[in-house]
Amino acid sequence: EEGFRARIVELERNAKENAENEKRSQIENSKLKGRVTKLERDIKEIKQKQITPIENHPDKKNAQITESIPKELSISPEINSNNTTEEINLSHRE
14 EEGFRARIVE LERNAKENAE NEKRSQIENS KLKGRVTKLE RDIKEIKQKQ
64 ITPIENHPDK KNAQITESIP KELSISPEIN SNNTTEEINL SHRE
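Take 14 as the starting number for the sequence shown in our numbering and just add one per residue.
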């Protein structure tokens, strides 16, 4: 009978721990769902906003940044691994 009572106490303790763990899980799930909802709302707002490209930015200081970028850069000559020279062209696309 003593072993039976010890088993009942153990089962009650386990049930209490399980209930506490379930409550913590529900709280954590609720927090995570709230974060997901906020992130989804933020993503939706970002997608709906019209993003102004920097080259068309109304601020002249920022607009000048792209105006100062050369359209094409040439570096010549370049010695490659075969000890021959070749021209390197880097193009900047708009």
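Just so it is clear, CB atoms sit at the ideal spot from N, CA and C, and this is done for glycine as well. Please read these numbers as outputs of a predicted model, since none were measured by experiment.
When secondary structure is reduced to three states using DSSP, glutamate 14 falls in the coil class, being assigned neither helix nor strand. DSSP places lysine 29 in the helix class (H, G or I) of the three-state scheme. DSSP places lysine 60 within a helical segment (H, G or I) once states are collapsed to three.
Distance from the CA atom of arginine 48 to the CA atom of isoleucine 40, rounded to whole angstroms, is 13 Å. As the crow flies, the alpha-carbon of glutamate 35 is around 20 Å from that of valine 22. Rounded to whole angstroms, lysine 44 and glycine 16 show a C-alpha spacing of 42 Å. Between lysine 46 and arginine 20, the alpha-carbon positions lie close to 38 Å from each other.
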